[in-house]
Structures are given as structure tokens and as C-alpha cells.
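Student:
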Amino acid sequence: MVGGRLRCAFTLVELLVVIGIIAVLVALLLPAVQAARASARRTHCASNMRQVGLAVHQYADTHQGRFPLMAYHNADDQQTAQTSKSWIATLGPYMEDVDAIRLCPEDRSRLEGIEQTATSYALNGYLREPDDVDTTGMPPVLAAAIRKSNEGLISDFYDLRETHATLLLFEGIATKLALHYDHVHSYSWFSDVNLANRGAPHFAVFEQVESEVAVDRHGGRVANYLYADGHVVAIAEQQIAEWCAEGVNFALPR
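In terms of our numbering, the sequence shown is residues 438 to 691.
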């Protein structure tokens, strides 16, 4: 009390206490906010994949059960609009906005441009026509490898017996996807050579999987996977690693 007037003010100590409390609250809340945002991005990504899956269904219905071509080639091997066209661009007529859906919000290394390697997602390499290669006269090892790569391939959507157990789409690593190859080489992951070295110290199967699939793109080290019936599952990187070590070919169509 000075001169009959009461002074209301914070002391320096009180101000520092308030600032400290605010800092603690921010430190406590920030991880929760970041986790919520990461969860929202993962949900957005899953929604994108479901829309792509629906478009693949519609494409198959229109094209007698065929899947979108995952690789375009020109006979003279020149770079043309045909060879540089990403498979997801062919789904444009079956999506409301393919340019918005093609990218995962968590994919920070994605490439721009709808005609380039312009999608965060990669088709299952098993879902294609077998390679029509004459192995006559080839070295036995090479011929066997080609035959092995054709095992389990399915080119007709209607030939899938268990769509709920067949992976259609992976989260791909943009820098690993070639210009006109937007798919993973799943048919070679569980090769005889890789299976022989699937455990420690090589972990050959998992090493090849993670070179093509963004197995830890989302928070919690998980990635989204789209199944052929349209449902999306977030699978942990650790689960993928265990399947690889056990020789469980999770990419094989059912």
C-alpha cells in the first residue's frame, strides 16, 4: 500500500513461474498434437488408397478383368508420352481427382507431375501378365529364375479367390520407382536365393522389401496396405520384418 493506493502487478518470480507452467503444458501437449496430425495424415493416405482401389475395380470391370498396366513400353524404346505415363494416370476416368489422390500427405520425397513417377503408391507386381520369354538355350540358372518369377502371377482380377487376403497396393518409395514402372517386384522378394539368406545376418528378403516399400512412412513405423477387396490395413514394419524372416510370402495373391 503506497499513498493509499493498492498496486496489482506480477513480481518477476511470479512471471517466471507462469512462463514455466506454460512451457510444461506446451511440452506435454505438443507430442499429442503431432501424433493427432500424423494420425490424420495416415487416415488421409488410407482414404486415397481406398479410392485407388475402387478405381482399379472399375477399370477391371471395363477391361474384362484386367489390371491397369503397371509398365508402358514403346517398341523403339524412345521416351514418349506413352512410355512416361504412370499407371495411375490411366485411372483418371474412374476418379474424381486423380491428381489429388495419387500422393500420400506423408510422402515427402514424392515427385510432381502426373505423367512422371507421380504416385506414392505401387501396384503389387504379382498382378500382371507372365513374361513371355523363350528360355530355350538359356543357362539353367537364368531359365529357372525366369520361370520362378512367373509363378503365382495373376493377370485377371476375377481370378482372385480371396480378395480380402490379396495385397493390391503398397506405399512405394518414390525415388526407387522408375519412370514408367510404378510397381514393386514382389515376385522376386521370396526368391530361392533370398529365402536361403532370409535370416540374420543378411535378412535378404526384408532388405529387398524395404528397398521398394515405405514400410515406416507413418508414425509408429507403420505403412498402409490396400487389399483387393478395398480395405486398408496399417501394418507395422516389425510385422513385415517377421514375415520376411519366417519366409511368409505376404504379397502372393490368393
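Yeah, the Cβ is synthetic: ideal placement off N, Cα and C, and Gly gets one too. These numbers were taken from a predicted model, which means no experiment stands behind them.
Between the C-alpha atoms of PHE627 and VAL455, what's the straight-line distance to the nearest angstrom?
Tutor: The straight-line gap from Cα to Cα measures roughly 59 Å.
Student: May I have the straight-line CA-CA distance separating GLU644 from ARG691, to the nearest angstrom?
Tutor: Each residue's Cα considered, the two are about 24 Å apart.
Student: List the DSSP bridge partners of VAL670.
Tutor: For VAL670, which the question treats as bridged, DSSP gives the partners TYR662.
Student: Can you name the start and end residues of the beta strand (DSSP E) that TYR558 belongs to?
Tutor: First-last of the beta strand (DSSP E) with TYR558: 558-561.
Student: Can you tell me whether PRO593 is helix, strand or coil according to DSSP?
Tutor: Per the sequence shown, the amino acid found at residue 593 is Asp instead of Pro. Reduced to three states, the DSSP call for ASP593 is strand.
Student: Can you tell me the Cα-Cα spacing of LEU689 and GLU533, whole angstroms?
Tutor: Between LEU689 and GLU533, the C-alpha separation is close to 30 Å.
Student: Do ALA559 and VAL621 have their C-beta atoms within less than 8 Å of each other?
Tutor: The answer is yes: Cβ separation under 8 Å.
Student: Return the first residue and the last residue of the beta strand (DSSP E) that PHE607 is part of.
Tutor: PHE607 -> beta strand (DSSP E) spans 604-608.
Student: What residues in its chain sit with their C-beta under 8 Å from that of GLY502, if we drop five residues either side in the sequence?
Tutor: Result list for GLY502: ASP593, PHE594, TYR595 and ASP596, in chain order.
Student: Hey, VAL669 and MET486: beta-carbon distance below 8 Å or not?
Tutor: In contact: VAL669 and MET486 (Cβ atoms closer than 8 Å).
Student: Roughly how many angstroms lie between the CA atoms of LEU540 and LEU453, to the nearest whole one?
Tutor: Cα to Cα, LEU540 sits roughly 46 Å from LEU453.
Student: Tell me the rounded alpha-carbon separation between TYR531 and PHE607.
Tutor: Distance between the alpha carbons of TYR531 and PHE607 is about 20 Å.
Student: So what does VAL646 bridge to, in DSSP terms?
Tutor: VAL646 is not bridged to any residue.
Student: Under three-state DSSP, which class holds VAL621?
Tutor: It is a strand residue.
Student: Would you tell me roughly how many angstroms separate the C-alpha atoms of PRO542 and ALA651, rounded to the nearest one?
Tutor: If you take the alpha carbons of PRO542 and ALA651, they lie about 13 Å apart.
Student: Is it true that the CB of TYR662 sits closer than 8 Å to the CB of TYR563?
Tutor: Cβ atoms of TYR563 and TYR662: not closer than 8 Å.
Student: According to DSSP, what are the bridge partners of HIS494?
Tutor: In DSSP, HIS494 forms no bridge with anything.
Student: Taking 8 Å as the cut-off, decide whether the C-beta atoms of LEU605 and ALA660 are in contact.
Tutor: Taking 8 Å as the Cβ cut-off, LEU605 and ALA660 do not qualify as a contacting pair.
Student: Since GLY667 contacts LEU491 with CB under 8 Å, what's their CB separation in whole angstroms?
Tutor: That belief holds up - the Cβ atoms of GLY667 and LEU491 are roughly 6 Å apart, short of 8 Å.
Student: What do you reckon, are the CB atoms on ASP536 and SER557 nearer than 8 Å?
Tutor: Their beta carbons are not under 8 Å apart, which means ASP536 does not touch SER557 by this criterion.
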